[in-house]
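Below is one structure, written out as structure tokens; comments come after it.
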Amino acid sequence: MGILKKYKIRVSENKKIRAINCKTLPWFTILLSVSLLIIYYFQTLTQNIYNQFALDPLMVEYHGEYYRILTSVFLHGSWDHVIGNVVLILLTSWRLEKLIGHTRIMIVYLVASISGSILSMVVNPNLTYLGASIGVAGLFGITLVLRYYFIKNNVVKAFITGWQVVNSVFWLLIIGLIIYDLGLEPSGTLMINNVGHIGGLIGGTCSLLVINVSKKVGNFNKYLRVSAGAVLILGSIWCAFRIYFTM
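Just so you know, we're using the UniProt record's numbering here: the sequence shown kicks off at 1 and counts up by one.
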């Protein structure tokens, strides 16, 4: 049997498995994508949205505007910026949501976003941050963890194909860490927020390990889950110490 024929058979089998195991609409992915586009449209109408909701570490520290830690991930610097992130979300999140559920994907995305924002603020407190890709980094992280931890699970392999693994690695290494996203220098120059991507990757991955996955997928080792929880707790303590005593 030729390679192409084997590939077509595997694709057909994966479609059948996905159809059997999940027929729900990925509403979180859709809602998030639409929201990001709508919010940026309103950003183009007024600068006040950026001034009020972007992550400015000084406003968080001295004025207690902690909401910026989360609201900043819904803002973007240009149409290219927001469309790029929406495409990444649509390519990654919709299958993950069908695999692990609406609640889990939402928790992972939010924890990744918050973790990346806080780490950015702690490491580079003189910059202003915005953009959704720190949350997307968390989605890439759980894509790789699910695929290789449950490597013998046919349901996981049907939802997370080899192409998605390659896509995740590519964007994390080439785009996420080298070319694209988040921080704005005081002059307004778009720059890369490597720290934010790393924080999102760690926070999102650890959050899924802690909350575990559905029965159709399997369970993570309890020691791995405890270790992930410890990383989140110790990381939170370290960031809190840096914010209140060294910034």
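The C-beta atom is built at its ideal place from N, Cα and C for all residues, glycine as well.
Within-8 Å CB hit, residue i to chain C
i   : result
T46 : Among the chains in the structure shown there is no chain C, since it carries only a single protein chain.
Whole-Å CB distance - residue i paired with residue j, under 8 Å assumed
i    : j    : result
V82  : L127 : So it is not a contact: roughly 19 Å between Cβ atoms.
V111 : G203 : 5 Å
T71  : T143 : Contact flag wrong, Cβ pair sits at about 26 Å.
L130 : L75  : 4 Å
L55  : R68  : 5 Å
Status (buried if at least 16 other CB within 10 Å, exposed otherwise) for residue i
i    : result
T103 : exposed
I198 : buried
Y41  : exposed
Q43  : buried
L182 : Note that L182 has pLDDT 45, beneath the 50 cutoff, so the model's placement of it is unreliable and the number below is only indicative. Answer is buried; the Cβ neighbour count reaches 16.
Y66  : exposed
S168 : buried
F245 : exposed
N193 : buried
S28  : It is worth fixing the name first, because residue 28 is Phe in this sequence and not Ser. Buried, by the Cβ-count rule.
F170 : exposed
N48  : exposed
S227 : exposed
S133 : buried
A137 : buried
Limits of the unbroken alpha helix (DSSP H) element including residue i
i           : result
I83         : W79 to I100
N126        : Where N126 is concerned, there is no enclosing alpha helix (DSSP H), given that its DSSP letter is neither H nor E.
A230        : K222 to F245
residue 250 : In the structure as shown, the chain begins at 1 and stops at 247. Residue 250 is therefore absent and cannot be evaluated.
N167        : G162 to F170
residue 267 : The requested residue 267 does not occur in the structure, where the chain is confined to residues 1 to 247.
S207        : N194 to I211
Y40         : W27 to Q43
Y62         : P57 to H63
T71         : R68 to T71
Span separating the alpha-carbon of residue i from that of residue j
i    : j    : result
W163 : I118 : 31 Å
F150 : L173 : 23 Å
I30  : V195 : 27 Å
T189 : C206 : Any answer about T189 is weak, because its pLDDT of 45 lies below 50 and its placement is not dependable; what the coordinates show is given next. One C-alpha to the other measures close to 32 Å.
L139 : Y109 : 7 Å
D80  : V34  : 15 Å
L209 : T46  : 40 Å
I233 : S115 : 11 Å
I211 : I39  : 30 Å
R95  : V73  : 22 Å
W238 : I107 : 22 Å
K152 : L88  : 26 Å
N85  : K98  : 20 Å
G135 : R147 : 19 Å
N51  : G235 : 28 Å
Inspect the CB distances between the segment 154-162 and the segment 220-228 and report whether three or more fall short of 8 Å.
Look at the beta carbons and you see the segment 154-162 not touching the segment 220-228: under three pairs across the two are nearer than 8 Å.
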